[in-house]
Amino acid sequence: MEWDWNFVWEIMPTLIEGLKITILATVFGAALAAVIGLVFAILRMTAPKPVAKATAFVVEFIRGTPLLVQLYFIFFVLPDIGIRLPAMLAGIIGLGLHYGTYAAEVYRAGIENVPRGQWEAAKATNLTGRQTWIHVILPQAIPPMIPALANYLIAMFKETPLLSAITVLELMNQAKSVANSSYRYIEPMTLVGIFFLIMSLISVVFLRWLEERYAQVEER
Amino acid sequence: MSMRTFLTMTASAGALTAFVAAAPAWADGKLEELKEQGFARVAIANEPPFTAVAADGKVSGAAPDVAREVFKRLGVEDIVASISEYGAMIPGLQAGRHDVITAGLFMKPERCNAVAYSEPILCDAEAFALKKGNPLKLKSYKDIADNPDARIGAPGGGTEEKLALEAGVPRDRVIVVPDGQSGLKMLQFGRIDVYSLPVLSINDLVAKAKDPGVEVVAPVEGAPVYCDGAAFKKGEEALRDAFDVELAKLKQSGEFAKIIEPYGFSAAAAMSTTREKLCAAK
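Protein chains in written order, with my numbering: chain A, 1 to 220; chain B, 1 to 282.
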């Protein structure tokens with residue numbers, strides 16, 4: 001089996017269609033994960049004990065089960081109770097929920113890592129709760145979170161091929177359908193790998209930059 | 001690197017070379033190799049009645065049953081099946097993941113170019129499962145192409161997916177469905193408007209579902225009757241020819257009919273046509 005450049009150019013537009021969906025799913029999934037993570041983190045840290053406990057359980061439950069199972073559940077089981085989501089939306093919700101739980105832990109760690117003395121100092125200087133969060137806690141909590149969050153973003157990007165299992169026509173699924181009619185895997189799968197590699201490498205450069213920019217918050 | 005690791009590595013490299021060097025020699029005597037091995041690896045799809053896997057893992061269905069019998073006569077004791085998507089079967093065959101495809105993979109000219117088919121085994125027309133009353137009035141793949149709201153579900157790489165695309169249904173309205181159960185669910189939930197499989201598969205699926213809200217259109221207008229054959233790797237025509245000889249005997253003795261007719265297939269249909277005709281058909 002040898003590499004066929006003509007075939008590569010022929011399938012390129014189809015794969016790029018898939019890549020668009022992959023990127024879209026990642027972007028929306030990440031946005032949803034950021035919001036859901038925040039909700040989970042806040043509930044877990046500030047809600048009354050039973051609610052916090054329940055949230056902790058839900059977070060552990062979602063973190064402890066495979067994303068693929070969750071996707072199947074959202075797409076194939078939820079309609080049984082009347083919730084019928086389009087494939088793409090189901091995929092975004094699956095990604096967002098799964099990675100939201102990871103994000104929640106990052107938020108929690110970031111906030112809890114702000115030294116207790118900072119809270120006390122804020123109280124001593126008579127700052128309101130709002131002022132404490134905005135001017136004291138968050139500016140110290142967010143920078144160390146960023147590299148960790150970006151890391152999960154890359155991880156999530158690389159998990160998007162799972163969406164092909166629930167009929168989303170993303171990059172992997174397009175490559176499979178190309179292979180289905182051409183009986184060739186070598187070019188489509190290599191290209192999928194290359195696309196992911198290129199995107200990941202760009203993200204890694206960006207991540208390095210973020211780390212350099214924010215990691216040495218201590219020395220500031 | 002310690003001396004020991006070095007030796008192990010050399011040894012494994014040596015073994016690997018021997019393995020690679022031996023491979024071409026086997027290709028001539030593929031049948032001998034299978035006999036020695038005691039089984040043939042077949043690709044199936046778990047789409048009753050063509051291919052089925054029971055809850056206990058036992059492989060049945062018309063296609064594997066015929067293959068099992070033919071291989072037995074060739075001196076290969078048993079078959080070992082692996083479930084695969086239709087689209088992955090031919091690449092898998094080419095990559096040596098299995099020895100033969102026995103899955104109701106219908107003969108179409110482009111597939112005939114990619115694999116070496118046996119003579120026809122199972123024949124069936126195409127069918128649609130759709131909502132009761134056929135609200136979109138879909139009777140052919142062309143109807144689906146013409147109705148911008150109609151979405152069709154079909155197995156990835158299966159004949160139905162290709163027929164839909166050939167009829168001009170755009171890619172985003174041809175939903176690739178992983179298996180029969182998912183297809184039925186997606187139909188019930190309105191994710192797709194029609195689910196297309198061969199007639200016997202649809203009937204089997206709908207009968208098992210016992211859902212009065214689903215009805216069957218069979219056969220699909222304009223789609224001819226297709227037949228499958230056991231598909232071998234190109235270059236292994238010797239094995240294919242041996243398979244054909246035993247298959248012909250089986251057909252002649254009437255045992256062929258005894259195997260496939262309980263599944264609902266017509267032995268006469270398979271015997272009235274040939275690979276040559278089906279591969280040339282457009």
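Ideal Cβ positions, reconstructed from N, Cα and C, are used throughout, including at glycine. The model shown is predicted, which means the values in this text are computed figures rather than measured ones.
Asked: Interface flag, A/N126 vs chain B, CB-CB below 8 Å; Found: no
Asked: Listed by chain order, chain C residues near B/A114 by CB distance under 8 Å; Found: No chain C is present in this structure, whose protein chains are A and B.
Asked: B/V214 vs B/Q181 beta-carbon contact at 8 Å; Found: no
Asked: Spatial neighbours of B/L239 in its chain, beta-carbon cut-off 7 Å, leaving aside the 5 residues before and after; Found: K30, L31 and F232
Asked: DSSP bridge partner residues for B/L197 (one or two, in chain order); Found: B/A127
Asked: Contact set between B/K185 and chain A, taken where Cβ atoms lie within less than 8 Å; Found: F76 and P79
Asked: Supposed close pair B/A129, B/A145 - CB separation, criterion 8 Å; Found: Actually they do not touch by this definition, with Cβ atoms about 18 Å apart.
Asked: Coil, strand or helix - A/V204 by DSSP; Found: helix
Asked: Span of the beta strand (DSSP E) around B/E215; Found: V214 to V217
Asked: Complete beta strand (DSSP E) runs within the stretch 132-196 of chain B (minimum length 3 residues, chain order); Found: 152-155 and 174-177
Asked: Range covered by the alpha helix (DSSP H) that runs through B/K108; Found: Where B/K108 is concerned, there is no enclosing alpha helix (DSSP H), given that its DSSP letter is neither H nor E.
Asked: B/A280 and B/P120 closer than 8 Å at C-beta; Found: no
Asked: Buried/exposed call for B/W26, threshold 16 Cβ in 10 Å; Found: Here B/W26 scores only 45 on pLDDT, less than 50, and its place in the model should not be relied on; the value that follows carries that caveat. That one is exposed.
Asked: Cutoff 8 Å: A/K20 Cβ touching any chain B Cβ; Found: no
Asked: Proximity test, Cβ basis, 8 Å: B/K162 and chain A; Found: yes
Asked: Burial state of A/A293, where buried means 16 or more other Cβ atoms lie within 10 Å; Found: Chain A is shown only over 1 to 220; residue 293 of chain A falls outside these bounds and no answer can be derived.
Asked: Whether A/G37 touches A/A103 by CB criterion (8 Å); Found: yes
Asked: Under 8 Å from the C-beta of B/P91: neighbouring residues of chain A; Found: A179, Y183, R184 and Y185
Asked: Neighbourhood of A/A165 by C-beta, 8 Å cutoff - its chain only, sequence neighbours within 5 removed; Found: L68, L71 and Y72
Asked: CB contact flag (B/R173, B/A150, <8 Å); Found: yes
Asked: Buried versus exposed, by CB contacts within 10 Å (16 or more), B/N113; Found: exposed
Asked: Span of the beta strand (DSSP E), counted from its first residue to its last, around B/R68; Found: Careful: B/R68 lies outside any beta strand (DSSP E), inside the alpha helix (DSSP H) at A62 to L74.
Asked: Within 8 Å, strictly: CB atoms of B/V199 and B/P224; Found: no
Asked: Under 9 Å by beta carbon: chain B residues contacting A/K176; Found: E85, G87, A88, G156, G157 and V176
Asked: CB contact check: B/G190 to chain A, cutoff 8 Å; Found: yes
Asked: Inter-residue Cα distance where the pair is B/K277 and B/L105; Found: 16 Å
Asked: A/A104 at chain B interface by Cβ criterion, 8 Å; Found: no
Asked: Assigned exposure category for B/A270 - 16 Cβ within 10 Å defines buried; Found: buried
Asked: Whether B/A67 touches B/S60 by CB criterion (8 Å); Found: no
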